[in-house]
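Protein chains in written order, with this note's numbering: chain A, 768 to 901; chain B, 22 to 274; chain C, 697 to 784.
Here is the structure we will look at.
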Amino acid sequence: MNEDVFAWSLVLIMLLTNTLLSIYGITYRRSLTKKLIGLTILSDTANLAFILIGFRFVQPAVPPVLTELSLESLEYLRQHAVDPLPQALVLTGIVISMAVNALIAFGIIQAYRITGSTDAKVVVKHFSEEVRGE
Amino acid sequence: MSRRFAVLFLILALTIASALALSYADFARPAKGLKPIGLFYVENSYFGNLTAKSPEAVTAIVWDYRGLDTIYESAVFFLAIIGGLSIFRLESPQLMAKEAKGLTKISKTGSKIIALLIISVSASIALHGHLTPGGGFQGGSTLAVAPLLLIPVFSITRLVSAGITSKRLVIARSAAMTCVGLTALLPVIKGLELASNLSFYPAEIGGELISGSLFFYNLFEYLAVGSGFTAVFLYLSTFEETYRREIEKEVGT
Amino acid sequence: MITLIHLLLSFSSLLAIVFVYLAITEKDLIKAIVFSAGQSISYAMILQLFAAPDVLLAYIAVSVGIYSALLVYVVSKTERFDGGGKNE
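The structure is reproduced here in structure tokens:
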């Protein structure tokens, strides 16, 4: 049994388990703050899965940075560097999910100020009654 | 409580068992070579015809090859800040109703030293982004930890009376974003494409490699992200009674 | 040959699962925030082993610094426990 394949499979199963656990946390927990924590874990797991795609299992796997400005260094990078494109896309993804999570946090605080509770059922009932009552 | 740990142990055992099963079946094999487009970016980011003259491939992709994506992502972050500010708006911006003293003198002196170190480290991360791993966003979010430390230690009233209000920080963020937009728009004046890099900007200034517009993008994004986060934490730290009075006035309780 | 990379990958994967489970099933939200920060640290170890230093710098500052602080603000302005209530 190759130990490269075992470590790779373990990371894959870990990503799957974390996705399922965070989806359980988002749907079955009643507190809005706990749902937000589950959402952050889910987006972190998805970003890590992207980085996993760009990896190559050679013995020293180096980041795609030229250490000296010479053509031998470029040849070394061709043999040993990992893919730079998923890392750039994940950077954009981290910023956007952080912006959305910050906005959700503000929404939670405002919902608590208006309804007095962070229980999801109470908040939804309060606002739907308000809409239906008009 | 022991039921929780029993379920945790079960999950860990299931994970290891399925990883062993997956590796015996030889199902997922990691890659050993680069995909063609990744190879293109690694080869062309310094040497090559479509070069960005930057030895760091990821920063070249983020600000040169896919620069417009990053500009729109900064716009999304800006929208989140403005959205939060509009949720937490105050009709009459009254200044703090009570005085808060902050922590002891020891904490204050220690925080001053640490905040200075954080600012210098984050500037180094941001400004060297075209040579080593780093860049504008990384430096900016590291810079955001400094006001996070200063707000509980010095108390928000002290910061506001020193002139650091969230309105001024949003103005600073808007100014930095305008500079990012200008850096992208300047090549258009000469008839080139939007957000061009080396056809307009110099690759070296005074013998030092600055990779064209990458250095300026990193600098302005650093200032923009740092001031944006500081504005968010400042208006998040306002006392709760101020907002409660506003809500009671609006709801009419 | 088993090198340090395989051992560290396996260790941080298992640690991540432990932290995620403890964060989701914890009733005290402050402890859940601490467990979530621990999960971010184990993900950061995996990111370093996958040779992604740019993502690592952005991820650590955002996830351990910004998210933890934001969530502590949210918990201090709303309820502390998952079932509701400020003190027990």
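Each residue gets a CB set at the ideal place from its N, CA and C atoms; glycine is no exception.
Bear in mind that the values here come from a model prediction, so they are computed numbers and not experimental data.
(1) Could you work out which residues of chain A lie near residue 64(B), taking near to mean beta carbons separated by less than 8 Å?
(2) Determine the direct distance from the alpha carbon of residue 192(B) to that of residue 250(B), and round the result to whole angstroms.
(3) Using a Cβ-Cβ distance under 8 Å, would residue 781(A) count as near chain C?
(4) How would you call residue 731(C), buried or exposed, if buried means at least 16 neighbouring beta carbons within 10 angstroms?
(5) Find the residues of chain B that neighbour residue 771(A), judging by a C-beta separation of less than 7 Å, and give them in chain order.
(6) For residue 57(B), count neighbouring C-beta atoms within 10 Å of its own C-beta (all shown protein chains included) and say buried if the count is 16 or more, exposed if not.
(7) Measuring CB to CB, does residue 150(B) end up less than 8 Å from residue 850(A)?
(8) Of the residues 714(C), 720(C), 703(C) and 709(C), which one's Cα is nearest the Cα of residue 30(B)?
(9) Can you give me the start and stop residues for the alpha helix (DSSP H) that residue 775(A) sits inside?
(10) Out of curiosity, what's the CA-to-CA distance linking residue 219(B) and residue 743(C)?
(11) Taking the alpha carbon of residue 186(B) as the reference point, which residue from 223(B), 269(B) and 258(B) has its own alpha carbon closest?
(12) Look at residue 770(A) and residue 726(C) and say whether their C-beta atoms are less than 8 Å apart.
(13) Consult DSSP for residue 229(B) and reduce its assignment to one of helix, strand or coil.
(14) Please confirm if residue 83(B) has its CB atom under 8 Å from at least one CB of chain A.
(15) Between residue 357(B) and chain A, is the shortest Cβ-Cβ distance under 8 Å, so that the two count as touching?
(16) Would you identify the three-state DSSP class for residue 837(A), choosing helix, strand or coil?
(17) Would you call the region 237-251 of chain B and the region 197-204 of chain B touching, i.e. three or more CB-CB distances under 8 Å?
(18) What does the Cβ neighbour count give for residue 823(A), buried or exposed, with the cut at 16 atoms within 10 Å?
(19) DSSP on residue 283(B), reduced to helix/strand/coil?
(20) Spatial neighbours of residue 754(C) within its chain, please: C-beta separation below 8 Å, excluding the five flanking residues on both sides.
(21) Along chain C, in chain order, which residues have C-beta atoms closer than 7 Å to that of residue 154(B)?
(22) How do the region 94-103 of chain B and the region 860-875 of chain A stand: do at least 3 beta-carbon pairs fall below 8 Å, yes or no?
(23) Could you work out which residues of chain B lie near residue 863(A), taking near to mean beta carbons separated by less than 8 Å?
(24) Report the rounded CA-to-CA distance for residue 767(A) versus residue 74(B), giving the unit in angstroms.
(25) Once DSSP output is grouped into helix, strand and coil, what is the label at residue 886(A)?
(26) Leaving out the 5 sequence neighbours to the left and right, which residues in its chain are closer than 7 Å to residue 82(B) when beta-carbon positions are compared?
(27) With a Cβ-Cβ cutoff of 8 Å, do residue 876(A) and residue 758(C) count as a contact?
(28) Based on DSSP bridge pairs, tell me the residues matched to residue 848(A).
(29) Quick one: what's residue 798(A) bridged to in DSSP?
(30) What do you get for residue 781(A), buried or exposed, if any count of 16 or more other CB atoms within 10 angstroms of its CB means buried?
(31) Jot down the residue ranges of each uninterrupted alpha helix (DSSP H) in the region 145-228 of chain B, minimum 4 residues, whole runs only, in chain order.
(32) Taking residue 59(B) as part of the alpha helix (DSSP H), name the residues at either end of that continuous run.
(33) What residue from 700(C), 706(C), 749(C) and 717(C) has the CA that sits closest to residue 734(C)'s CA?
(34) Beta carbon of residue 751(C), beta carbon of residue 818(A): below 8 Å?
(35) On a Cα-Cα basis, can you pick out the residue from 125(B), 166(B), 148(B) and 124(B) that is closest to residue 137(B)?
(36) By a C-beta neighbour count over all protein chains shown, 10 Å radius and 16 as the cutoff for buried, is residue 159(B) buried or exposed?
In short, the structure shows the following:
(1) As a first step, residue 64(B) is located in the second sequence; it is residue number 43 there, counting from the start. Listed along chain A are 841 and 845, each with a C-beta nearer than 8 Å to that of residue 64(B).
(2) For the purposes of this step, residue 250(B) is identified with residue 229 of the second sequence, where counting begins at 1. For the purposes of this step, residue 192(B) is identified with residue 171 of the second sequence, where counting begins at 1. Put simply, the backbone Cα of residue 250(B) is about 13 Å away from that of residue 192(B).
(3) Counting from 1 along the first sequence, the entry for residue 781(A) is found at position 14. Taking Cβ atoms only, chain C reaches closer than 8 Å to residue 781(A), which makes this a yes.
(4) For this step, residue 731(C) is matched to residue 35 along the third sequence. By the neighbour-count rule (16 or more Cβ atoms within 10 Å), residue 731(C) is buried.
(5) For this step, residue 771(A) is matched to residue 4 along the first sequence. Within 7 Å Cβ-Cβ: 51.
(6) Taking the second sequence and counting its residues from 1, one reaches residue 57(B) at position 36. Classification of residue 57(B): exposed, given that the 10 Å Cβ count is below 16.
(7) On the second sequence, position 129 is the one that residue 150(B) refers to. On the first sequence, position 83 is the one that residue 850(A) refers to. At the C-beta level, residue 150(B) and residue 850(A) stay beyond 8 Å of one another.
(8) As a working note, residue 30(B) is residue 9 in the second sequence. Nearest of 714(C), 720(C), 703(C) and 709(C) to residue 30(B), Cα basis: 714(C).
(9) Position 8 of the first sequence, counted from the first residue, corresponds to residue 775(A). Start and end: 770-795.
(10) Numbered from 1 along the second sequence, position 198 holds the residue referred to as residue 219(B). Numbered from 1 along the third sequence, position 47 holds the residue referred to as residue 743(C). When only Cα atoms are considered, residue 219(B) and residue 743(C) end up about 32 Å apart.
(11) On the second sequence, residue 186(B) is found 165 positions in, with the first residue counted as 1. Here the closest residue by C-alpha is 258(B).
(12) The sequence position of residue 770(A) within the first sequence is 3, counting from 1. The sequence position of residue 726(C) within the third sequence is 30, counting from 1. In terms of Cβ geometry, residue 770(A) and residue 726(C) do not form a close pair [threshold 8 Å].
(13) By 1-based counting over the second sequence, the position of residue 229(B) is 208. If DSSP states are grouped into helix, strand and coil, residue 229(B) belongs with the strands.
(14) For the purposes of this step, residue 83(B) is taken as the residue at position 62 of the second sequence. Chain A, which has a Cβ nearer than 8 Å to the Cβ of residue 83(B), makes this yes.
(15) The displayed coordinates of chain B run from 22 to 274. Any statement about residue 357(B) would go beyond what the structure contains.
(16) Your numbering for residue 837(A) matches position 70 in the first sequence. Coil at residue 837(A), not helix or strand.
(17) Yes, the region 237-251 of chain B is in contact with the region 197-204 of chain B.
(18) Here the question's residue 823(A) lines up with position 56 in the first sequence. Buried: at least 16 other Cβ atoms inside 10 Å.
(19) As shown, chain B starts at 22 and ends at 274. That puts residue 283(B) outside it, with no answer to give.
(20) Mapped onto the third sequence, residue 754(C) falls at position 58. Cβ within range, chain order: n/a, list empty.
(21) Indexing the second sequence from 1 puts residue 154(B) at position 133. 749, 750 and 753, listed in chain order.
(22) With a cut-off of 8 Å, the region 860-875 of chain A and the region 94-103 of chain B count as touching, because enough Cβ pairs lie within range.
(23) On the first sequence, position 96 is the one that residue 863(A) refers to. Residues of chain B passing the Cβ test: 94, 97 and 98.
(24) The displayed coordinates of chain A run from 768 to 901. Any statement about residue 767(A) would go beyond what the structure contains.
(25) By one-based count along the first sequence, residue 886(A) stands at place 119. Strand.
(26) Taking the second sequence and counting its residues from 1, one reaches residue 82(B) at position 61. Excluding positions up to five away in sequence, the list reads 62.
(27) The count along the first sequence starts at 1 and reaches residue 876(A) at position 109. The count along the third sequence starts at 1 and reaches residue 758(C) at position 62. The answer is no: Cβ separation not under 8 Å.
(28) Counted from its first residue, the first sequence places residue 848(A) at position 81. Per the DSSP secondary-structure output, residue 848(A) pairs in a beta bridge with 829(A).
(29) Residue 798(A) sits at position 31 when you count from the first residue of the first sequence. For residue 798(A), the pairing in a beta bridge is given by DSSP as 886(A).
(30) The residue you call residue 781(A) lines up with position 14 of the first sequence. With 16 or more other Cβ atoms within 10 Å, it is buried.
(31) Listed in chain order, they are 157-164, 166-175, 177-182 and 187-210.
(32) Locating residue 59(B) in the second sequence gives position 38, where the first residue counts as 1. Unbroken alpha helix (DSSP H) run through residue 59(B): 57-65.
(33) Along the third sequence, one-based indexing puts residue 734(C) at 38. When only C-alpha atoms are compared, the closest one is 717(C).
(34) Here residue 751(C) refers to the residue found at position 55 when the third sequence is read from its first residue. Here residue 818(A) refers to the residue found at position 51 when the first sequence is read from its first residue. Between residue 751(C) and residue 818(A), the C-beta gap is smaller than 8 Å, which places the two residues in contact.
(35) As a working mapping, residue 137(B) is identified with position 116 in the second sequence. When only C-alpha atoms are compared, the closest one is 166(B).
(36) Here residue 159(B) is taken as the residue at index 138 of the second sequence, counted from 1. Under this definition residue 159(B) is a buried residue.
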